[in-house]
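Be aware that the sequence shown starts at 1, since it is given in the numbering used here, and climbs by one per residue. Scroll down for the structure; my scribbles are underneath it.
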Amino acid sequence: MRRQRSEGLRGIKDMKLSLARMAGVAVALSLCGTALADTINVGWVKQVSPKPAITYVGDYGSFISSSLVQNPVSRTVVTLDIYALAQSVGITHLERIDVLDGGGNSYLGSPGADIDFFTLEGLSNASTITHSYTGTNAVHLGESSATLGSRVAGLDAITGDQDFNSLHFVSLGLNGFLSMSFSTLIEPGSSGGSGSGGSGGMGPGEYSGGGGGGTDPIFSNLIQISPGLKLHLSEAGSSEGYAIRLIGTTAVPAPAVAPVFAALLGLGRRRRR
């Protein structure tokens with residue numbers, strides 16, 4: 001009788017865990033089951049004098065603006081309204097943002113565009129950013145996300161020379177690019193509980209019976225494009241240009257994510273021992 005009761009309680013708890021995860025799974029499916037990513041070449045920007053004037057070449061000029069920031073000297077900050085642009089092109093989520101050097105700059109000393117500021121405004125607290133560099137500038141090859149991120153976290157470069165002994169910017173080099181990619185917590189998971197299956201209340205995520213159990217957190221490599229999401233950029237000098245590229249998608253459920261659905265619900269692995 002006691003064994004039957006314990007097994008019954010375990011079954012109820014397993015069902016509660018599955019039901020509790022459904023909301024998170026539904027969101028995760030909308031993110032994981034996506035159409036092919038869309039590459040949006042936003043355009044080419046060059047900061048010129050007098051500050052904060054810029055030259056822009058591209059199709060999305062109505063979503064780009066520039067402003068003058070004192071920090072402590074005057075600097076030009078370029079802002080891309082990602083949400084407004086996304087509304088116009090029909091994407092709902094972002095996978096990556098690139099700032100790249102497509103040529104036409106100086107490639108002596110610190111080669112190419114020298115990115116001093118590269119940050120997002122309006123990012124959800126559930127999301128984190130990973131920075132990476134792709135290109136030929138040996139200074140930045142192999143640099144960690146933390147180092148790259150610290151280089152572009154503030155408007156603190158005086159000039160764009162000598163990137164090899166300055167940690168205040170990233171010199172892209174010819175055809176090089178600096179990227180932001182994302183990790184978004186969809187459902188936090190839960191710690192396992194333990195017990196004999198006897199009397200007493202059940203806390204969220206607990207299992208009865210010996211051994212305990214729990215659920216893993218669920219992450220996505222996308223961020224949802226919400227109102228207020230903006231990209232801020234600045235180049236350390238005033239003579240080199242850079243391009244902006246978004247990798248985005250419209251997230252939709254897809255048959256291909258059925259195995260993901262099963263895995264997220266834990267149908268094949270409900271407990272960790």
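Think of the CB as a built atom: it goes at the ideal place given N, C-alpha and C, for glycine as much as any other residue. Model, not experiment: these values are computed from the prediction.
Distance cut-off 7 Å: residue i Cβ against heavy atoms of the ligand HEM
i     : result
Gly43 : Within the structure as shown, the ligand HEM is missing, as the structure has no ligands at all.
Whether residue i touches residue j by CB criterion (8 Å)
i      : j      : result
Val78  : Ile54  : yes
Gln99  : Phe169 : Correcting the residue type first, residue 99 is Val in the shown sequence and not Gln. It is not a contact, given that the beta carbons lie outside the stated cut-off.
Ala86  : Asp101 : no
Leu80  : Ile244 : yes
Ser183 : Ser132 : no
Gly173 : Thr147 : no
Lys51  : Ser65  : no
Ser127 : Ile223 : yes
Asp279 : Ser234 : Residue coverage of the chain in this structure runs from 1 to 273, which leaves residue 279 outside it and unanswerable.
Val189 : Gly149 : Checking the displayed sequence, the identity of residue 189 turns out to be Gly instead of Val. Contact: no.
Closest Cα partner of residue i within the set the options
i      : options                       : result
Val48  : His168, Gly248, Tyr242        : Tyr242
Thr249 : Phe118, Ala126, Ile91, Pro111 : Ile91
Gln70  : Asp156, Val45, Lys46, Ser106  : Asp156
Leu141 : Asn125, Ser179, Leu108, Val89 : Ser179
Gly103 : Ser67, Leu222, Glu187, Lys46  : Lys46
Val89  : Thr128, Ala37, Lys51          : Ala37
Ser110 : Ser166, Asn221, Leu229        : Ser166
6 Å Cβ shell around residue i - same chain, five flanking residues per side excluded
i      : result
Met22  : Model confidence at Met22 stands at a pLDDT of 43, short of 50, so the residue's coordinates are unreliable; what they give is reported in the following sentence. Excluding positions up to five away in sequence, the list is empty.
Gly154 : none
Leu229 : Ile82, Tyr83, Gly122
Thr134 : Phe177
Contacting residues, own chain, Cβ-Cβ under 7 Å from residue i (five flanking each side not counted)
i      : result
Tyr60  : Val42, Gly43, Leu85
Asn105 : Gly112, Ala113, Glu240, Gly241
Phe63  : Leu80, Asp81, Ala84, Leu85
8 Å contact criterion, which residue i and residue j should meet: CB distance rounded
i      : j      : result
Leu123 : Leu231 : No, Leu123 and Leu231 are not in contact; Cβ-Cβ is about 10 Å, not under 8 Å.
Leu185 : Pro227 : Rounded, the Cβ-Cβ distance is 20 Å, inconsistent with contact.
Ile247 : Thr76  : Wrong, their Cβ atoms sit about 26 Å apart, outside the cutoff.
Val152 : Phe118 : 4 Å
Contacts around residue i, its chain only, beta-carbon distance under 8 Å, and the 5 residues preceding and following it disregarded
i      : result
Tyr107 : Gly173, Leu174
Any alpha helix (DSSP H) of 4 or more consecutive residues that is wholly inside the region 55-103: Within the region 55-103, the complete alpha helix (DSSP H) runs of at least 4 residues are 82-89.
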